[in-house]
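Residue numbers (my numbering), protein chains in the order written: chain Z, 1 to 400; chain F, 401 to 506.
All remarks here apply to the structure that follows.
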Amino acid sequence: MTTATHAPGETTGCPAHAGRDDRKSAKVAEANLAPAPGSRVIGSFAAGRDILRSPKVRQAGASADVVDLSHPDEISFFFLDGDLHRKRRAAVAGLFAPKTIVTRHQRVMNRTMDAIVADLQARGSAPLDELSWQMAVDVAADIVGLTDSDTNANLARRVKKVLEASVARKPGRLNALVFNAKMLVHVGAFWKHDLLPAIEARRKQPRDDVISHMVKENYSKKGMIMECLSYGGAGMMTTREFIVMAAWHLFEKAALRERYLTGGQDDQFAILEEILRLDPVASMLHRRAAEPVEGVLADGETACISIREANVDEAITGPCPFQLDPDRARRMKVAGPYMSFGDGPHRCPGAQVALHETRIFLDRLLRLPGVKLVSEPEVLWNPQIQGYELRGAVVACDRG
Amino acid sequence: MVAITFVAVDGLEQRIDATDGLSLMENAVAGGIDAIEAICGGNAYCGTCRVHVDPAWRAVTGEITEIEEPMIEASGDTDPGVRLSCQITVTPELEGLLVRTPASQS
Numbered sequence: 001m002t003t004a005t006h007a008p009g010e011t012t013g014c015p016a017h018a019g020r021d022d023r024k025s026a027k028v029a030e031a032n033l034a035p036a037p038g039s040r041v042i043g044s045f046a047a048g049r050d051i052l053r054s055p056k057v058r059q060a061g062a063s064a065d066v067v068d069l070s071h072p073d074e075i076s077f078f079f080l081d082g083d084l085h086r087k088r089r090a091a092v093a094g095l096f097a098p099k100t101i102v103t104r105h106q107r108v109m110n111r112t113m114d115a116i117v118a119d120l121q122a123r124g125s126a127p128l129d130e131l132s133w134q135m136a137v138d139v140a141a142d143i144v145g146l147t148d149s150d151t152n153a154n155l156a157r158r159v160k161k162v163l164e165a166s167v168a169r170k171p172g173r174l175n176a177l178v179f180n181a182k183m184l185v186h187v188g189a190f191w192k193h194d195l196l197p198a199i200e201a202r203r204k205q206p207r208d209d210v211i212s213h214m215v216k217e218n219y220s221k222k223g224m225i226m227e228c229l230s231y232g233g234a235g236m237m238t239t240r241e242f243i244v245m246a247a248w249h250l251f252e253k254a255a256l257r258e259r260y261l262t263g264g265q266d267d268q269f270a271i272l273e274e275i276l277r278l279d280p281v282a283s284m285l286h287r288r289a290a291e292p293v294e295g296v297l298a299d300g301e302t303a304c305i306s307i308r309e310a311n312v313d314e315a316i317t318g319p320c321p322f323q324l325d326p327d328r329a330r331r332m333k334v335a336g337p338y339m340s341f342g343d344g345p346h347r348c349p350g351a352q353v354a355l356h357e358t359r360i361f362l363d364r365l366l367r368l369p370g371v372k373l374v375s376e377p378e379v380l381w382n383p384q385i386q387g388y389e390l391r392g393a394v395v396a397c398d399r400g
Numbered sequence: 401m402v403a404i405t406f407v408a409v410d411g412l413e414q415r416i417d418a419t420d421g422l423s424l425m426e427n428a429v430a431g432g433i434d435a436i437e438a439i440c441g442g443n444a445y446c447g448t449c450r451v452h453v454d455p456a457w458r459a460v461t462g463e464i465t466e467i468e469e470p471m472i473e474a475s476g477d478t479d480p481g482v483r484l485s486c487q488i489t490v491t492p493e494l495e496g497l498l499v500r501t502p503a504s505q506s
């Protein structure tokens with residue numbers, strides 16, 4: 001059951017633009033979205049926010065239901081709740097603060113973009129998701145402190161293998177054996193080639209990053225692995241897709257692209273946030289009520305908060321919710337990303353990092369002489385993370 | 401409604417009629433206070449809704465809470481009255497509250 005005020009595809013309150021739908025991932029999501037069995041889908045923005053902000057709910061869905069919470073120092077902050085979760089997040093929150101992004105991370109973003117531009121101009125064309133992957137990996141690796149691997153490309157490949165194996169876990173004893181064997185191999189490679197060298201380097205010379213903090217606080221080996229994979233993996237895999245999605249919209253819409261290139265940074269962020277509202281990388285969040293949440297959840301009930309439905313809830317978007325309108329959030333006096341980065345204590349810590357690196361990537365890319373989208377991406381669905389993947393887009397520019 | 405005054409760094413005063421029960425940040429955004437960016441939407445995860453509470457009102461609004469500390473520290477804002485406005489709930493006791501907004505939120 002959904003509590004949305006409209007059906008998907010319906011544009012109530014917008015006769016002038018009836019039928020217009022600027023979303024590029026809606027169809028693949030509608031065909032593939034799979035809320036956790038037994039969960040109730042919440043499509044209302046207000047109800048979803050109330051649940052996500054409530055101290056009475058716990059993480060649920062995906063692998064949250066099989067995580068052993070009896071050893072919190074050995075699991076990712078992602079699966080924790082309450083005080084313990086807040087303290088773990090707070091300890092490194094400064095790494096994701098707007099001021100830190102501007103004063104520190106933007107240097108990494110610009111340096112990576114210099115390399116991407118030079119490579120693209122030398123080759124003449126390149127797969128767009130390969131370029132966005134390079135940006136996402138470099139930035140996430142620097143914030144986490146995974147800077148002592150052989151190459152960032154190999155680091156990213158190893159992280160991806162662990163994450164893909166971890167979310168593909170299935171019930172049953174045989175599956176558990178297979179799962180454990182696969183994880184042992186993939187996590188072992190990540191530990192040996194990426195995390196251990198970084199830990200050794202930080203023991204000699206601490207820096208301001210997640211690994212330095214964990215070394216200082218004597219995290220266990222398992223605890224370090226889980227935390228690094230959570231911060232690093234999430235940052236890499238989601239930003240890669242968002243950059244391609246935003247580029248696709250901007251290549252396709254000349255007026256929007258012109259506005260992006262001539263407006264200030266605030267306007268660029270408004271455009272990116274509006275694209276993300278329509279095509280959020282994450283599609284749903286699950287929470288279980290540890291006690292009743294007044295008016296929205298019964299005791300023990302599991303909610304599936306639909307980010308996609310909440311983001312087009314006319315009560316918060318105003319009319320024409322499927323139309324790309326960068327002035328919408330300001331007009332409606334709401335935070336631009338709506339529910340795209342989640343809400344409440346578990347809101348995505350890297351939200352601002354993702355927006356900044358996407359802004360810089362596209363600002364540089366779209367200004368290149370002769371730049372064009374040679375082929376549009378194919379919209380695929382990743383059932384493990386319940387989100388879209390954009391593959392096959394190719395960008396070209398004049399050779400430099 | 402609760403009358404609250406925001407003073408910008410250039411001295412410009414804006415008075416809003418705030419709704420009891422909502423956060424000071426939500427009321428500021430709804431009231432068109434541009435200096436309150438609140439880019440995380442009220443989760444104490446960005447530090448861009450900072451206000452400097454007038455000395456006369458600090459006992460009423462209270463001290464910085466534990467949730468606010470990381471982002472205030474990261475912002476480098478050392479004003480003795482600094483708070484995240486998303487963590488201040490408007491109540492009738494705040495009638496006449498005066499807060500100043502910083503020169504920059506980032």
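The C-beta atom is built at its ideal place from N, Cα and C for all residues, glycine as well.
On a predicted model such as this, the values are computed, not experimentally measured, just so you know.
*Do three or more CB pairs link the segment 333-349 of chain Z to the segment 246-264 of chain Z at distances below 8 angstroms?*
Contact fails: fewer than three Cβ-Cβ distances are below 8 angstroms.
*Go ahead and label ARG483 (chain F) buried or exposed: buried means 16 or more other beta carbons lie within 10 angstroms of its beta carbon, across all protein chains shown.*
So ARG483 (chain F) counts as buried.
*asked:* Please give the ranges of any beta strand (DSSP E) in the segment 414-467 of chain F, keeping only runs that are unbroken, at least 3 residues long and fully inside the region.
replied: As summarised for the segment 414-467 of chain F, the continuous beta strand (DSSP E) elements at least 3 residues long and confined to that stretch are 450-453, given in chain order.
*asked:* Tell me the DSSP secondary structure of LYS27 (chain Z) in three-state form.
replied: In the structure shown, the three-state DSSP call for LYS27 (chain Z) is helix.
_Buried or exposed for LEU69 (chain Z), going by 16 or more other Cβ atoms inside 10 Å?_
Per the 10 Å Cβ criterion, exposed.
*Over what stretch of residues does the beta strand (DSSP E) that includes GLU217 (chain Z) continue unbroken?*
Unbroken run through GLU217 (chain Z): none, as it is neither H nor E.
*asked:* Would you say ALA351 (chain Z) lies against chain F (beta-carbon separation less than 8 angstroms)?
replied: Cβ-Cβ to chain F under 8 angstroms: yes for ALA351 (chain Z).
*Please list the segments of the alpha helix (DSSP H) lying wholly inside the segment 231-259 of chain Z, counting only runs of 4 or more residues, in order along the chain.*
Taking only runs of at least 4 residues, the alpha helix (DSSP H) segments lying wholly in the segment 231-259 of chain Z are 234-252.
_Using beta carbons (cut-off 8 angstroms, strictly below), is CYS486 (chain F) in contact with chain Z?_
No, CYS486 (chain F) does not count as interfacial toward chain Z.
*What do you reckon, are the CB atoms on VAL409 (chain F) and VAL490 (chain F) nearer than 8 angstroms?*
No; because the gap between Cβ atoms is not below 8 angstroms, this pair is not in contact.
*From the beta carbon of THR478 (chain F), is the nearest beta carbon of chain Z less than 8 angstroms away?*
Judged by the 8 angstroms Cβ criterion, THR478 (chain F) is not in contact with chain Z.
*asked:* In chain order, what are the residue ranges of uninterrupted beta strand (DSSP E) at least 3 long that sit wholly in the segment 77-155 of chain Z?
replied: Taking 3 residues as the minimum length, the beta strand (DSSP E) runs contained wholly in the segment 77-155 of chain Z are 125-127, in order along the chain.
*Taking 8 angstroms as the CB-CB limit, is VAL293 (chain Z) close to chain F?*
It does not: the Cβ of VAL293 (chain Z) has no partner Cβ on chain F nearer than 8 angstroms.
*asked:* Cβ closer than 7 angstroms: which chain F residues qualify as neighbours of GLY344 (chain Z)?
replied: Result: ASN443.
*Go through the segment 172-220 of chain Z residue by residue and report every complete run of the alpha helix (DSSP H) that reaches 4 residues or more, in order.*
As for any alpha helix (DSSP H) of minimum length 4 sitting wholly inside the segment 172-220 of chain Z, the runs are 173-190, 196-204, 210-216, ordered along the chain.
*Note down, in chain order, every chain Z residue with its Cβ under 8 angstroms from the Cβ of ALA474 (chain F).*
Contact annotation for ALA474 (chain F) against chain Z: ALA93, GLY94, ALA97, LYS99, THR100 [CB-CB distance below 8 angstroms, chain order].
*Starting from the beta carbon of SER423 (chain F), find every residue of chain Z whose beta carbon is closer than 8 angstroms, and list them in chain order.*
Those within 8 angstroms of SER423 (chain F) in chain Z number zero; the least Cβ separation is about 11 angstroms.
_VAL137 (chain Z) and TYR231 (chain Z) closer than 8 angstroms at C-beta_ = Not in contact: VAL137 (chain Z) and TYR231 (chain Z) (Cβ atoms no closer than 8 angstroms).
*Give me the Cβ distance between MET226 (chain Z) and SER76 (chain Z), rounded to the nearest whole Å; I'm assuming they're in contact under 8 angstroms.*
Contact flag correct, Cβ pair sits at about 4 angstroms.
*Residues of chain F with CB under 7 angstroms from ASP333 (chain Z), in chain order?*
Note on identity: in this sequence residue 333 (chain Z) is Lys, with Asp being the wrong assignment. The answer, in chain order, is VAL429, ALA430.
*Which residues in the same chain have their Cβ closer than 6 angstroms to the Cβ of THR2 (chain Z), if we skip the five residues on either side of it in sequence?*
Caution is warranted here: a pLDDT of 40 is assigned to THR2 (chain Z), below 50, making its placement in the model unreliable, and the coordinate value is therefore given only provisionally. Excluding sequence neighbours, THR2 (chain Z) sits near VAL41, GLY43.
*Would VAL215 (chain Z) pass as a contact of HIS186 (chain Z) if the rule is Cβ separation under 8 angstroms?*
No; because the gap between Cβ atoms is not below 8 angstroms, this pair is not in contact.
*Using only alpha-carbon positions, find the residue among Z:VAL159, Z:LEU84, Z:ARG259 that is nearest to HIS193 (chain Z).*
That would be Z:VAL159, whose Cα lies nearest to the Cα of HIS193 (chain Z).
*Which residue or residues does DSSP assign as beta-bridge partners of CYS320 (chain Z)?*
Answer by DSSP bridge pairing: none, since CYS320 (chain Z) is not bridged.
*Is GLN265 (chain Z) buried or exposed, if buried means 16 or more other CB atoms sit within 10 Å of its CB?*
Counting Cβ neighbours within 10 Å, GLN265 (chain Z) comes out exposed, since fewer than 16 surround it.
*Listing by chain order, which chain Z residues have their CB less than 7 angstroms from the CB of MET471 (chain F)?*
Neighbours of MET471 (chain F) in chain Z, taken as residues whose beta carbon is under 7 angstroms from its own, are ALA93, ALA97 in chain order.
*Per DSSP, which one or two residues make a beta bridge with LEU484 (chain F)?*
Looking at the DSSP output, LEU484 (chain F) shares a beta bridge with F:ARG450.
_Bridge partners for CYS304 (chain Z) per DSSP, in chain order?_
Answer is Z:VAL41, Z:HIS286.
_Along the chain, where does the alpha helix (DSSP H) containing SER475 (chain F) start, and where does it finish?_
469-475 is the span of the alpha helix (DSSP H), which, as asked, contains SER475 (chain F).
_What would DSSP say about ASN311 (chain Z), mapped onto helix, strand or coil?_
In this structure, DSSP gives ASN311 (chain Z) a state outside helix and strand, which the three-state scheme calls coil.
*asked:* Going by beta-carbon coordinates alone, are GLN384 (chain Z) and MET284 (chain Z) separated by less than 8 angstroms?
replied: The criterion of a C-beta distance shorter than 8 angstroms is not satisfied by GLN384 (chain Z) and MET284 (chain Z).
_Minimum Cβ-Cβ distance from PRO347 (chain Z) to chain F less than 8 angstroms_ = Strictly speaking, residue 347 (chain Z) in this sequence is Arg, with Pro absent from that position. Yes, its Cβ sits closer than 8 angstroms to a Cβ of chain F.
*Among Z:GLU309, Z:VAL353, Z:SER63, which one has its Cα closest to the Cα of PHE179 (chain Z)?*
Nearest option by C-alpha distance: Z:SER63.
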